[in-house]
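Peer 1: Position in the sequence shown (from 1) plus 21 gives the number in the numbering used here. From the three backbone atoms N, C-alpha and C, an ideal C-beta is built for every residue, glycine too. Would you mind keeping the following structure in view while I ask a few things?
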Amino acid sequence: MAETSALDRAFRKLPLKAKTRENLLYGFEISRTLLFTGQMISLPVVEFLSRGKTEATSVDLKLHFEVAFQDLLKLLRTDARHIQLGYYPVDVLEPENPLKFWTRYPRILLDGYRVARRREDKTHHDFDANSESYFGDVPEYYRRNFHFQTDGYLSDHSADLYEHQVEILFSGAADPMRRLLLKPLKEHFGESDGTGLHFLEVGAGTGRLTHFLKLAFPQAKITAMDLSEPYLVKARRSLEGRRGVQFMQGDAADLPFRDETFDAVVSCFLFHELPREEREKVLKEGVRVLKPGGFSGHVDSIQLGDAPELDWGLKQFPVKFHEPFYPNYVQTPLAPMLEAAGLLGVESERGFFSKVVHGVKAAR
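Written out as structure tokens, the structure is:
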């Protein structure tokens, strides 16, 4: 597998057995999980200050915690193994600037207070004038406070907090779940470093998956598309200086590209926030612009029955967060939808609360 940086080369030259290197990576990932879990502990206090109570639940969370935690550890171990095996470089674990990280946390706590107020008031159309100025560029279903978050996906403020908030929600597992896509993508393209390949990422958001794609395929050309211009502004800043990455605002259900343009079409955490008819359109459009023999892969939430021991979490999630399309999503398996869109050899691999579903467009 192609090595992409001095850091990765130095790591692989350490005079250690492969299993020892894997254990070092695994230990680092556990420390990261502990950090985000520690930050999560403060949020119920913020919710109590905002609402005078915490969210009631009919689920005995303590009963499920041990099972979920073991599943999380399994994901971290798998991610560490994939790095050790060379599917992607150790650079994927490079931490953020500590000053940026810790100065953002108080803002997340303040936003948690506001989120709790919206949850209490059942308000999910709360936007300021600046956020509303983007309404003309996005479909009606998008004009809402997903997760009750401030400004939905339509402000710089939201874009700056989003990735950190998601990591807190999943105890540091969001990045490893995103990286579930990279192994099947690398296996599809063999030893390629991306030379001559053109990928399309839809629902790219702030560019976190884009970052990992570029590390795994440093020579690939990547077009990253999202409905949210503020999130794309954040993505451009995050990947500033990376060659071969183009960002564009647009709707994945109506792509402005010719047929058979891309070698791969991918997404992450997109489909569960779409109405079913939009999911179907996005998949069909993705297949249309995919070259024969091309790869289509999508990371998203697991669905009912994928891991019965975690079904409680899928039922609880839309209760606590504003996710109007999630109940339909978890009841409508993705794999048959990929097949209906024309993909062959559809497979799925799970990690914690996410899975990657992927297939290939028929060759001529």
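Determine the closest residue to Ala-89 out of His-379, Ala-384 and Gly-372, with distance taken between C-alpha atoms.
Peer 2: Cα-wise, what sits closest to Ala-89 is Gly-372.
Peer 1: Would you call the CB atoms of Thr-227 and Lys-255 closer than 9 Å?
Peer 2: In this structure, Lys-255 lies closer than 9 Å to Thr-227 by Cβ.
Peer 1: Please name the residue in Arg-33, Met-358 and Leu-248 whose C-alpha comes closest to that of Gly-271.
Peer 2: Looking at the Cα atoms, Leu-248 is the closest of the given residues.
Peer 1: Determine the extent of the alpha helix (DSSP H) in which Ala-31 is found, giving its start and end residues.
Peer 2: Ala-31 -> alpha helix (DSSP H) spans 27-33.
Peer 1: Of all the options Lys-207, Arg-385, Phe-374 and His-209, which has the alpha carbon lying nearest to the alpha carbon of Phe-86?
Peer 2: Comparing Cα positions, the closest option is Phe-374.
Peer 1: Based on DSSP bridge pairs, tell me the residues matched to Ile-243.
Peer 2: Per DSSP, Phe-220 and Val-266.
Peer 1: Is Phe-210 near His-293, with beta carbons less than 9 Å apart?
Peer 2: Not closer than 9 Å, so no.
Peer 1: By DSSP, does Met-22 sit in helix, in strand, or in coil?
Peer 2: Reliability of the predicted coordinates at Met-22 is poor, the pLDDT of 47 falling under 50, and no value is obtained from them.
Peer 1: Assuming Phe-238 contacts Gly-215 under a Cβ cut-off of 8 Å, what Cβ separation, rounded to an integer in Å, is found between them?
Peer 2: Contact holds; Cβ gap of about 3 Å.
Peer 1: Is any heavy atom of the ligand NAD found at a distance shorter than 8 Å from the C-beta of Pro-160?
Peer 2: The ligand NAD is absent from the structure shown, which contains no ligand whatsoever.
Peer 1: Here's a check: name, in chain order, each residue in its chain whose Cβ is nearer than 6 Å to the Cβ of Ser-213, leaving out the five neighbours to either side.
Peer 2: Result list for Ser-213: empty, nothing under 6 Å.
Peer 1: Alpha carbon to alpha carbon, how far is Leu-45 from Ser-192?
Peer 2: Each residue's Cα considered, the two are about 19 Å apart.
Peer 1: Can you tell me whether Asp-280 is buried or exposed, with buried defined as 16 or more other CB within 10 angstroms of its CB?
Peer 2: Result: exposed.
Peer 1: Could you tell me whether the Cβ atoms of Lys-242 and Gln-267 are closer together than 9 Å?
Peer 2: A contact, by the Cβ cut-off of 9 Å.
Peer 1: Using DSSP with H/G/I as helix, E/B as strand and the rest coil, what is Pro-18?
Peer 2: Absent from the model: residue 18. The displayed extent of the chain is 22 to 385, so no value can be given.
Peer 1: Identify the continuous beta strand (DSSP E) that holds Gly-318 and give its terminal residues.
Peer 2: Segment 311-322, the beta strand (DSSP E) holding Gly-318.
Peer 1: Need the endpoints of the beta strand (DSSP E) that Ser-38 sits in, please.
Peer 2: Note that residue 38 is Lys in the sequence shown here, rather than Ser. Per DSSP, Lys-38 belongs to no beta strand (DSSP E) and is neither H nor E.
Peer 1: Roughly how many angstroms separate the alpha carbons of Lys-34 and Val-113, rounded to a whole number?
Peer 2: For Lys-34 and Val-113, the distance between alpha carbons rounds to 18 Å.
Peer 1: Within the continuous beta strand (DSSP E) that includes Ser-179, where are the two ends?
Peer 2: Run containing Ser-179: none in the beta strand (DSSP E); it sits in the alpha helix (DSSP H), 177-190.
Peer 1: Applying the criterion that 16 or more other CB atoms from any shown protein chain within 10 Å of the CB defines a buried residue, is Ile-62 buried or exposed?
Peer 2: The residue is exposed, with fewer than 16 neighbouring Cβ atoms inside 10 Å.
Peer 1: Okay, do the region 344-361 and the region 304-322 touch, 3+ Cβ pairs below 8 Å being the bar?
Peer 2: Touching, yes.
Peer 1: Any idea which residues DSSP pairs Arg-371 with across the strands?
Peer 2: Arg-371 is bridged to Lys-376.
Peer 1: Going by DSSP, what residues sit across from Leu-202 in a beta bridge?
Peer 2: Answer by DSSP bridge pairing: none, since Leu-202 is not bridged.
Peer 1: Name the residue from Pro-313, Gln-170, Gly-133 and Leu-130 whose alpha carbon lies nearest to the alpha carbon of Phe-148.
Peer 2: Residue Gln-170 is the option with its Cα nearest to Phe-148.
Peer 1: Beta-carbon separation of Ala-273 and Gly-224 under 9 Å?
Peer 2: Taking 9 Å as the Cβ cut-off, Ala-273 and Gly-224 qualify as a contacting pair.
Peer 1: According to the neighbour-count rule (16 or more other Cβ atoms, all chains shown, within 10 Å of its Cβ), is Gly-314 buried or exposed?
Peer 2: Counting Cβ neighbours within 10 Å, Gly-314 comes out exposed, since fewer than 16 surround it.
Peer 1: Can you name the residues that DSSP bridges to Leu-364?
Peer 2: Leu-364 is bridged to Lys-382.
Peer 1: Between the alpha carbons of Glu-24 and Ala-31, how many angstroms are there, rounded?
Peer 2: Note that Glu-24 has pLDDT 48, beneath the 50 cutoff, so the model's placement of it is unreliable and no number is given.
Peer 1: My guess is that Lys-376 and Leu-364 are in contact by the Cβ rule of under 8 Å, so how many angstroms apart are they, rounded?
Peer 2: Wrong, their Cβ atoms sit about 16 Å apart, outside the cutoff.
Peer 1: Here's a check: name, in chain order, each residue in its chain whose Cβ is nearer than 6 Å to the Cβ of Ile-104, leaving out the five neighbours to either side.
Peer 2: Leu-46 and Val-111, listed in sequence order.
Peer 1: Rounding to the nearest angstrom, what Cα-Cα distance links Ala-245 and Leu-206 in this structure?
Peer 2: C-alpha separation (whole angstroms): 16 Å.
Peer 1: Am I right that His-145 and Arg-139 are in contact with their C-beta atoms under 8 Å? What's the rounded C-beta distance?
Peer 2: That pair is a contact at about 7 Å.
Peer 1: Rounded to a whole number of angstroms, what is the C-alpha to C-alpha distance between Leu-190 and Asp-196?
Peer 2: When rounded, the distance between both Cα atoms is 12 Å.
Peer 1: In whole angstroms, what is the alpha-carbon distance linking Glu-184 and Arg-229?
Peer 2: Cα to Cα, the separation comes out at about 8 Å.
Peer 1: Quick check on the DSSP output: the alpha helix (DSSP H) that includes Ser-154 runs from which residue to which?
Peer 2: Counting along the chain, Ser-154 falls outside any alpha helix (DSSP H), and DSSP gives it neither H nor E.
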